[in-house]
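In the numbering used here, the protein residues as written are 767 to 1152.
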């Protein structure tokens, strides 16, 4: 427990300080007439290095660690793994590193490098948000989730960059990156329809209330998930394409205990309340960051993400995962919200938003330590070093 508290809090604090330093240094230089600092500034490189070290040295941290570790070790020892439906890009990276004799820490380090480089590069013109990014990642749910869903985490980070291509109407480049992403996760075929989400025309004067209505309606519908059973009878082929054929067969066998889970707690309510705050303060955030022309698209994906998650919140994580492709867009908007409230000295809303987004790791550590469901507690940080 002590190690987990030190690692999560300490890493978040150090990376936040590095982000604050580079952001303020850039602002001072730009005030004197200079341009933006490069992406390779020493603070950014140091922060990414720390992230990769923490991610690669972990042991049994996050839910799917055992799976990826076992696959990698079996590839090294016998030249193959039991699962045959891995995407070609992921399989190729795994085979090359395994046959080269790389330590498994280097294997996990590579995925962590992809995560943090893509995410930090998406913030290259938003360096003032880097402190909030670090705190959200390590004190919120993101780091623990990303350490488990390593393939999905990479394409989540990639999607933030792809939003820029949507805004610039670079469809063919966007499509090319979508094909690359599919090579690492089949679910990324959904990137193609997501391209059109920011292009939907919404009346300007009603955007806030339409967003409130959409999230609210999905929250209500998600509270009565029995209608999902009707959908199960019609998504078999789609589930197979997305790589969820196994789970679909569980659903159609009327395994309702597996398919429907009643989820209502801080892990659902805090992101929901954060989203409502984002919607409420979005007009003033938009005014403060008027030069960021990607902000409206990020906002729309954030609302769409929260609507989707709440619509299917009482089913199972295998149905909510497609919506999680937009999770990093929501993370970016949370950083915008926190920075806006801090800059405007709106201390009470800031305290609420900070609590909603920084409570998670301490809450999960306490649950895992005082009431562990089993010996395996993936929320806690362990390291293979000792």
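Quick reminder that beta carbons are idealized off the backbone N, C-alpha and C, glycines included.
Reduced DSSP category for residue i - H, G, I as helix; E, B as strand; rest coil
i	result
residue 1111	coil
residue 1025	Low confidence applies here, because residue 1025 scores a pLDDT of 49, under 50, leaving its location unreliable; read the following figure in that light. Reduced to three states, the DSSP call for residue 1025 is helix.
residue 934	coil
residue 824	strand
residue 1149	strand
residue 907	coil
residue 966	coil
residue 1081	coil
residue 868	coil
residue 807	coil
residue 902	helix
residue 949	coil
residue 912	helix
residue 800	coil
residue 891	coil
Residue i - containing alpha helix (DSSP H), residue span
i	result
residue 767	Careful: residue 767 lies outside any alpha helix (DSSP H) and carries neither H nor E.
residue 853	Where residue 853 is concerned, there is no enclosing alpha helix (DSSP H), given that its DSSP letter is neither H nor E.
residue 985	973–988
residue 954	Run containing residue 954: none; DSSP gives neither H nor E here.
residue 1034	1032–1054
residue 710	Past the boundaries of the shown model lies residue 710; the chain is included only from 767 to 1152, so the question cannot be answered.
residue 1060	Note, residue 1060: premise wrong, no alpha helix (DSSP H); not H, not E.
residue 839	831–844
C-alpha distance - residue i paired with residue j, whole-angstrom precision
i	j	result
residue 880	residue 925	12 Å
residue 1133	residue 912	20 Å
residue 767	residue 1136	10 Å
residue 1025	residue 979	Unreliable placement is indicated for residue 1025, whose pLDDT of 49 sits below 50; the coordinate value is still reported in the next sentence. Looking at the two C-alpha atoms, the distance is approximately 27 Å.
residue 769	residue 776	10 Å
residue 785	residue 810	7 Å
residue 1033	residue 905	13 Å
residue 1035	residue 973	22 Å
residue 874	residue 821	7 Å
residue 984	residue 1129	26 Å
residue 1045	residue 949	34 Å
residue 1154	residue 830	Residue 1154 lies beyond the range of the chain shown here (767 to 1152); nothing can be said about it.
residue 977	residue 1066	8 Å
residue 945	residue 788	34 Å
residue 841	residue 915	19 Å
residue 1107	residue 895	12 Å
residue 929	residue 1060	7 Å
residue 772	residue 965	44 Å
residue 1022	residue 1084	The predicted position of residue 1022 is uncertain, since its pLDDT is 48 and thus under 50; no value can be drawn from it.
residue 936	residue 794	34 Å
residue 851	residue 796	50 Å
residue 1151	residue 825	9 Å
residue 774	residue 969	42 Å
residue 967	residue 959	16 Å
residue 1120	residue 1043	12 Å
residue 927	residue 990	35 Å
residue 792	residue 799	11 Å
residue 806	residue 812	10 Å
residue 1090	residue 981	16 Å
residue 878	residue 1053	34 Å
residue 838	residue 865	10 Å
residue 845	residue 988	44 Å
residue 861	residue 843	11 Å
Among the options, nearest to residue i - alpha-carbon criterion
i	options	result
residue 1167	1039, 1095, 975 and 980	Lying outside 767 to 1152, the shown extent of the chain, residue 1167 is not represented and no answer is given.
residue 714	867, 782 and 1099	No information on residue 714 is available, as it lies outside the stretch 767 to 1152 that the chain covers here.
residue 815	961, 780 and 860	780
residue 962	948, 940 and 895	940
residue 804	914, 921, 1090 and 889	889
residue 827	1151, 788, 1146 and 1090	1146
residue 778	960, 1058, 1124 and 806	1124
residue 1072	958, 885, 1037 and 966	1037
residue 986	1030, 801, 876 and 947	1030
residue 818	876, 800, 845 and 866	876
residue 1074	1131, 1062, 1087 and 813	1087
residue 1102	1121, 851, 1092 and 1055	1055
residue 1148	1093, 887, 938 and 823	823
residue 918	1094, 981, 1126 and 1144	1094
residue 1041	1070, 1126 and 1062	1070
Any non-hydrogen atom of the ligand MN within 6 Å of residue i CB
i	result
residue 983	Among the components modelled here there is no ligand, and therefore nothing to report on the ligand MN.
| field | Three-pair Cβ contact test at 8 Å for the stretch 1106–1121 versus the stretch 1072–1085 | value | no
If contact is defined by three or more beta carbon pairs under 8 Å, each pair taking one atom from either stretch, is the stretch 954–968 in contact with the stretch 1042–1052? no
### Query
Do the stretch 1087–1103 and the stretch 890–899 make contact, defined as three or more Cβ pairs closer than 8 Å?
yes
Does the structure place the stretch 903–910 close enough to the stretch 853–873 that three or more beta carbon pairs sit under 8 Å?
no
Review point. Are three or more beta carbon pairs between the stretch 869–876 and the stretch 827–841 nearer than 8 Å?
Key: yes
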